[in-house]
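Take 6 as the starting number for the sequence shown in our numbering and just add one per residue. Some notes on the structure that comes next.
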Amino acid sequence: MTEPTITASEQLAGKIIQRLIDEKLLSADDGKKLVPKMATGKVRAEDWRLAVEKSVPEVSSDEHPS
């Protein structure tokens, strides 16, 4: 039984997503869902936004310089 071949795009997507998980910008579950989309270039802005908003605590308006 042979293992599926991992493409260079999948390897790169996996490394990028893992870094975002390590930096606590994505959850492991959301990262796992984004890898195939990222590898095929089908990740949308909404996908990133939802995943990051779920992982990063909301910053109050006091903390944002105007």
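We put the CB at the ideal spot given by N, CA and C, even for glycine. Because the structure is a prediction, the values reported are computed rather than measured.
Sequence-distant residues of the same chain with beta carbon closer than 7 Å to residue i, five excluded per side
| i | result |
| --- | --- |
| residue 65 | Residue confidence for residue 65 is low, a pLDDT of 47 falling below 50, so the modelled location carries little weight and cannot support an answer. |
Beta-carbon proximity check, residue i vs residue j, cutoff 8 Å
| i | j | result |
| --- | --- | --- |
| residue 48 | residue 15 | no |
| residue 56 | residue 31 | yes |
| residue 60 | residue 35 | yes |
Of the listed residues the options, nearest to residue i (C-alpha basis)
| i | options | result |
| --- | --- | --- |
| residue 72 | 30, 17, 27 | Lying before the first or after the last residue shown, residue 72 is absent from the chain, which here runs from 6 to 71. |
| residue 23 | 38, 58, 62 | 38 |
| residue 20 | 8, 33, 9 | 33 |
Close-in-space but distant-in-sequence residues of the same chain around residue i (CB under 6 Å, 5 per side omitted)
| i | result |
| --- | --- |
| residue 43 | 18 |
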